[in-house]
Amino acid sequence: MSTSLLVSLIVLLPLAGTAVLLAFGRRLGEPLAGIVGTVSVVGAFAAACVASMDFITGTGGTETVRWFSWLPALGVDLELRWDALASLMAMVVTGVGALIHVYSIGYMHGDARFPRFFAYLNLFVTSMLILVLANGFAVMFIGWELVGLSSYLLISFWFERDSAAAAGKKAFVVNRVGDVGFIVALMLIFSVFGSLSFDDVLGQAPDLLSEGMATAIGLLLFVGAAGKSAQLPLYVWLPDAMEGPTPVSALIHAATMVTAGVYLIARTAIIFEIGPAAAAVVAIVGAATALFAATIAVAQSDIKRVLAYSTISQLGFMFLAVGAAAHVAGVFHLMTHAFFKALLFLGAGAVIHGMSGEQDMGRMGGLRKAMPLTFATMGIGWLAIAGIPPFAGFWSKDEILASVFGMGGMWVVLWAMGMVAALLTAFYMTRMMWRTFFGAPRWADGTHPHDPPASMKLPLVVLAAFAVVAGLINTPWKLGLEHFLAPVFSGVHLTHPPVGSILWTLAAIAVAVAVIGIALGIRRYRAEHAEDSGAWALMNRGYYVDDVYGEVFARTGKLGAAWLAFRFDAKVIDGLVEGTGSLTRRVATAVRPLQTGFVRTYSVGIVIGSVALLVWFLVRGGVV
Amino acid sequence: MIVTPGWYMALAAVLFVIGMSGILLRRNALVMFMSVELMLNAVNLTFVAAGRELRLIEGQISMLFVMVVAAAEVVVGLAIIVAVFRRRQTASVDDLAELHG
Chain A
1 MSTSLLVSLI VLLPLAGTAV LLAFGRRLGE PLAGIVGTVS VVGAFAAACV ASMDFITGTG
61 GTETVRWFSW LPALGVDLEL RWDALASLMA MVVTGVGALI HVYSIGYMHG DARFPRFFAY
121 LNLFVTSMLI LVLANGFAVM FIGWELVGLS SYLLISFWFE RDSAAAAGKK AFVVNRVGDV
181 GFIVALMLIF SVFGSLSFDD VLGQAPDLLS EGMATAIGLL LFVGAAGKSA QLPLYVWLPD
241 AMEGPTPVSA LIHAATMVTA GVYLIARTAI IFEIGPAAAA VVAIVGAATA LFAATIAVAQ
301 SDIKRVLAYS TISQLGFMFL AVGAAAHVAG VFHLMTHAFF KALLFLGAGA VIHGMSGEQD
361 MGRMGGLRKA MPLTFATMGI GWLAIAGIPP FAGFWSKDEI LASVFGMGGM WVVLWAMGMV
421 AALLTAFYMT RMMWRTFFGA PRWADGTHPH DPPASMKLPL VVLAAFAVVA GLINTPWKLG
481 LEHFLAPVFS GVHLTHPPVG SILWTLAAIA VAVAVIGIAL GIRRYRAEHA EDSGAWALMN
541 RGYYVDDVYG EVFARTGKLG AAWLAFRFDA KVIDGLVEGT GSLTRRVATA VRPLQTGFVR
601 TYSVGIVIGS VALLVWFLVR GGVV
Chain B
1001 MIVTPGWYMA LAAVLFVIGM SGILLRRNAL VMFMSVELML NAVNLTFVAA GRELRLIEGQ
1061 ISMLFVMVVA AAEVVVGLAI IVAVFRRRQT ASVDDLAELH G
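In order, the protein sequence lines correspond to chains A and B. Residue numbers are given in my numbering: position 563 of the first sequence equals residue 563, and the series is strictly consecutive. Residue numbers are given in my numbering: position 4 of the second sequence equals residue 1004, and the series is strictly consecutive.
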């Protein structure tokens, strides 16, 4: 099969799955609907792998697949772009997506809207694939928005719960704030290049883009990316998004959708190279987010919220990388994180499943004997995210931090922030593992923890395997991913980690930090440990950022809306409308007496009118 | 004395003003009706006179039209007046002022 057909199939298969499930899902029922959904994504994954072969062997070039002309007036075609970056993203999305589909068959067992769930999951995969395969900002924006839509649908999947409905709404609104930046960036790009296609924009950027314009576009793109990828200050929706079913948290809010922002910046790397100030902002916000979210993760008691803040923190690392122009390192971490964070989320889902819906770690403990497989796989995820070699997270996180350190100057501060965040990461993940799997059971009465069914075990094992080995594709002595992605970043100056003894020293520091973090965590949580200090409460509430946002934005918004509704609308708008009526009424009252009802009054009027007309004609005709 | 068209016009004007005065001054619906007829026929007179003077047949045609319409109008008008009189025992138009504003 030709590459273009395969690339089209990557998008069309999940799209067909969505259509079939929406139309016939109820008739297919459980588990057939799940199987249909899974097969479509597995098919897309297979197509992506086959089409990627050329890149893996190093012989592939960028291919564009033109579907049709969409907006001829703007020169926008519905076109897909198949290059190494797109192929990597497509493989991660469909690969992790397929595993999570399998997992969902077990996890969503017995849910009343089982087929609808898979329809939404397939829609999400389709959207994400449109996003990463688009050959232009316009088509990417379709995927960008569809991803937001499917995320909304899935977060509030259990919309009977008020909190789930509210969380979906919050995610949608916060994402929309970011989208404003993205749209304005698109307008600026179109005004400069007269085109939204990647070929034109990225190809001509060095000639057409001034530094100021590049900075402006870069910052606006980053606003969009920060919304989608939950960076400061737009991260607040992600922890709440944990209201969705756990597979959704794993797929969307850990592995794929939230990486869209990182992908966007890596894709538009050249713009950030021309506008280095924008890149610096990306790196600073990334480092700050990594550190900030890690401190909050330390104090969460809900197992999924720990992972949610951990995701925000890890995304911060990716932004730090792409901001420092270490795009390969950023994409590398994106990929390894997709594996181990999906693994951790699915493990958490297995725990919640086994504990009959319990998410509070305060009522867990001692689960390692009851759920050995879950414990073993999550343990691998824990070591991977903590940065213990040779697990996946070590290689990517170390490459990011080493690259940032290698830039010298003020970047060392960002490196230090990253290191502290890494220390905290090891600490809070250890805390999570210990509170969940070690110590004495604190289960609620009548809970019988057990390992999940086979359909949920399989993805855990596969993802655990990837979490172990995925880091090996880009080790300092064998830069596989670097070569794989090289053609994509051919025109961009990439930051590489330093070589020689510095690299090894940095790696040793990173490992030491990870070990110290784990040791501290074990020491503190080996025995029961009260968590009630003031600082703990502060971090538990996420520094009250949500409350502040609630006061500042939500309350102001509500006040504004109330003013519009009860003042402006009631007085001004209604005043205009009712004023039209009362004016008519008043004029009518004023002229009513003219109608006397006496025929002779009217006759006088006719006579006077006729005479006046006659006089006018005579005068006009010059007779008088 | 030769009767020139001017005389016809003068007579028509006098008849028209008499009719108009009747409309404006009388209250009895029947009398007002007759006044209307008087005004219509004053106009007819001008049509015929002008038509004869200008050697045009249209003057007479117009007159015939007016007479036909007037006849039809009389039928409807008299029927209304009779109906009103039956109900109210009066033909005074000032008593029929229900449509005042």
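Cβ atoms here follow ideal geometry from the backbone N, Cα and C, with glycine treated the same way. Remember, it's a predicted structure, so these values are computed and weren't measured experimentally.
Annotation: the stretch 492-552 of chain A contains no complete segment of the beta strand (DSSP E) (minimum length 3 residues).
Annotation: Cβ neighbours of B:Leu1024 in chain A (cutoff 9 Å, chain order): Arg600, Ser603, Val604, Val607. Per DSSP, A:Leu80 is one residue of the beta strand (DSSP E) stretching across 76-82. Against chain A, the CB of B:Ala1083 has no partner CB under 7 Å away; the residue lies outside that interface.
For B:Met1020, the neighbours in chain A by C-beta distance under 7 Å run, in chain order, Val607. For A:Phe68, the enclosing beta strand (DSSP E) stretches over residues 63-71. DSSP places B:Asn1044 in the helix class (H, G or I) of the three-state scheme. Arg592, Pro593, Leu594, Gln595, Thr596: these are the residues of the stretch 576-596 of chain A whose beta carbon lies less than 7 Å from some beta carbon of chain B, given in chain order.
Judged by DSSP secondary structure, B:His1100 falls outside any alpha helix (DSSP H); it is assigned neither H nor E. Taking the CA atoms as reference points, A:Val545 sits about 33 Å from A:Gly439.
Within the same chain, Cβ atoms closer than 6 Å to the Cβ of B:Pro1005 are found at Ala1049, Glu1053, the five residues on either side in sequence being excluded. Any Cβ of chain A closer than 7 Å to the Cβ of B:Val1074 would place that residue at the interface, and such an atom is absent.
Boundaries of the alpha helix (DSSP H) around A:His333: 327-354. A:Thr295 and A:Phe317 have their C-alpha atoms some 14 Å from each other. Listed by position along chain A, the residues whose Cβ is nearer than 9 Å to that of B:Val1093 are Phe598, Val599, Arg600. By the C-beta density criterion, B:Ile1080 is exposed, having fewer than 16 other C-beta atoms within 10 angstroms. At a cut-off of 7 Å between C-beta atoms, B:Gly1101 counts as an interface residue with respect to chain A. For A:Ala278, same chain residues with a beta-carbon under 6 Å away, outside a window of 5 residues either side, are Thr215, Gly218, Leu219, Phe272 in chain order.
Relative to the Cα of A:Gly500, the nearest Cα in the group A:Ser403, A:Ala171, A:Leu414 belongs to A:Ser403. Distance from the CA of A:Ile35 to the CA of A:Phe114, rounded to the nearest whole angstrom, comes to 11 Å. Of the other Cβ atoms in all chains shown, 16 or more fall within 10 Å of the Cβ of A:Pro14; this residue is therefore buried. Positions of the alpha helix (DSSP H) runs, each at least 4 residues long and wholly inside the stretch 164-222 of chain A, are given as 198-208 in order along the chain. Using beta-carbon distances, B:Ala1097 counts as an interface residue toward chain A, with a partner under 7 Å. At the C-beta level, A:Asn122 and A:Gly37 come within 7 Å of one another.
In the assembly as shown, A:Val236 is a buried residue. Its beta-carbon has 16 or more other beta-carbons within 10 Å. DSSP, read as helix, strand or coil, puts A:Ser156 in coil. Taking the CA atoms as reference points, B:Leu1078 sits about 37 Å from B:Arg1055. By the criterion of a C-beta distance shorter than 7 Å, A:Pro389 is surrounded in its chain by Val511, once the five residues flanking it on both sides are discounted. Exclusion of the five residues before and after B:Thr1090 leaves no residue of its chain whose Cβ lies closer than 7 Å to its Cβ. Uninterrupted alpha helix (DSSP H) stretches at least 4 residues long and entirely within the stretch 564-597 of chain A occur at 574-591, given in chain order.
For A:Phe489, there is no enclosing alpha helix (DSSP H), since its DSSP letter is neither H nor E.
Between A:Ala350 and A:Thr374, the C-beta gap is smaller than 7 Å, which places the two residues in contact. In summary, A:Gln314 is buried, with 16 or more beta-carbon neighbours lying within 10 Å of its beta-carbon over all protein chains present. With respect to the 7 Å criterion, A:Ala51 and A:Val7 are classified as neighbours on the basis of their beta carbons.
A:Gly136 places its beta carbon less than 7 Å from that of A:Leu196.
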